[in-house]
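The next block holds one structure in the form of structure tokens; read it before the comments.
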Amino acid sequence: MPSATFFHLPQEKRERFLTAAWAEFTAHSYGEVSINRIIQGASISRGSFYQYFSGKSDLFAYLLKTIYEAVSQSFLAQMTAHGNDFFEAILGMFDLILWQSAYPREDQLQMRIGRLFRLNADLDFTQFTEQLDLDTMARLTRRLLEHQGCQVEDGQERAVLHCLLSMGLTNLVGALRCGDQQTMFREQLQTQLTILRRGLRPAN
1 MPSATFFHLP QEKRERFLTA AWAEFTAHSY GEVSINRIIQ GASISRGSFY
51 QYFSGKSDLF AYLLKTIYEA VSQSFLAQMT AHGNDFFEAI LGMFDLILWQ
101 SAYPREDQLQ MRIGRLFRLN ADLDFTQFTE QLDLDTMARL TRRLLEHQGC
151 QVEDGQERAV LHCLLSMGLT NLVGALRCGD QQTMFREQLQ TQLTILRRGL
201 RPAN
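When we follow UniProt numbering, the leftmost residue of the sequence shown carries the number 1, and every step to the right adds one.
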């Protein structure tokens with residue numbers, strides 16, 4: 001988690017640092033990311049960097065947290081656009097990220113997501129998600145699903161969240177890395193969401 005010092009920086013200096021950090025993490029794989037290049041791009045000292053973050057992994061986790069927060073806002077917009085249909089909103093986010101990653105701007109969230117996944121094919125992102133409030137995410141997911149008419153048992157919220165994240169991210173990563181198979185990954189995600197929506201029942 002960033003230190004209080006980082007949050008107390010003047011906005012211009014904080015934004016310059018984050019711009020340099022994003023430029024580095026979207027140009028190199030995690031293992032090749034250089035703190036030296038970040039501090040050069042941000043025009044700060046190495047000592048200042050370590051006043052803000054404990055190291056590269058801490059900074060990367062924070063960048064992933066900002067992605068999650070931005071995606072959450074976009075998802076709520078997709079819920080509105082799809083008549084509060086939770087499952088259609090997931091497909092809407094899938095389509096939005098793919099479309100915007102095909103026409104990227106350097107400051108665009110979807111460009112950053114696309115490049116992170118392409119550059120880090122073998123990286124286990126779960127080791128960097130400790131900063132995410134999974135309990136809050138799970139409770140929100142439960143509320144949205146119950147509004148949809150789906151029943152989520154007490155204690156199953158996080159399992160449902162992990163299931164949704166696994167399906168969504170697996171297909172999104174596949175579509176981003178294999179541009180000629182995007183339709184296949186979308187259809188696969190749609191099928192998985194349909195199964196989850198209906199549930200598995202014993203055969204008659």
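The C-beta atom is built at its ideal place from N, Cα and C for all residues, glycine as well.
Only a predicted model underlies this, so the values are computations on that prediction, with no experimental measurement involved.
Outcome for residue i when other beta-carbon atoms lying within 10 angstroms are tallied against a minimum of 16
i           : result
Ser101      : buried
Ala4        : exposed
Gly114      : buried
Glu146      : exposed
Ala21       : buried
Met1        : exposed
Phe7        : exposed
Thr141      : buried
residue 255 : With the chain running from 1 to 204 in the structure shown, residue 255 is simply not present.
Glu15       : exposed
Ala159      : exposed
Glu24       : buried
Tyr103      : exposed
Ala61       : buried
Glu32       : exposed
Glu157      : buried
Residue i at chain B interface by Cβ criterion, 8 Å
i    : result
His8 : Among the chains of the structure shown, chain B does not appear; only one protein chain is present.
Endpoints, alpha helix (DSSP H) assigned at residue i
i      : result
Gln188 : Gln182 to Arg198
Ser54  : Neither: Ser54 is in no alpha helix (DSSP H) and is coded neither H nor E.
His162 : Glu157 to Arg177
Minimum C-alpha distance to residue i - residue among the options
i      : options                          : result
Leu98  : Arg112, Phe87, Phe86 and Asp85   : Arg112
Leu64  : Asp122, Asp154 and Thr26         : Thr26
Gly155 : Arg139, Gly47 and Ser166         : Arg139
Glu12  : Ala61, Ser29 and Ala42           : Ala42
Ala175 : Cys163, Gln188 and Leu165        : Gln188
Ser72  : Leu134, Gly199, Phe49 and Met184 : Leu134
Thr126 : His28, Arg197, His162 and Phe17  : His162
Leu108 : Ala70, Asp95 and Ile39           : The sequence given here places Gln at residue 108; Leu does not occur at that position. Nearest option by C-alpha distance: Ala70.
Gln148 : Asp122, Tyr30 and Asn84          : Asn84
Leu165 : Ser29, Glu153, Leu196 and Cys150 : Leu196
Phe86  : Asp95, Cys150 and Leu123         : Cys150
Phe117 : Leu18, Phe53, Leu9 and Ser29     : Ser29
Asp122 : Leu96, Arg143 and Arg177         : Arg177
Ser34  : Tyr52, Gln51 and Ser57           : Ser57
Touching by the beta-carbon criterion (3+ pairs, under 8 Å), the region 182 to 196 and the region 162 to 174: yes
Complete alpha helix (DSSP H) runs within the region 63 to 134 (minimum length 4 residues, chain order): 86 to 102 and 109 to 119
Completely contained alpha helix (DSSP H) runs for the region 23 to 51, where each covers 4 or more residues: 35 to 42
The region 63 to 78 touching the region 86 to 99, judged by at least three CB pairs closer than 8 Å: yes
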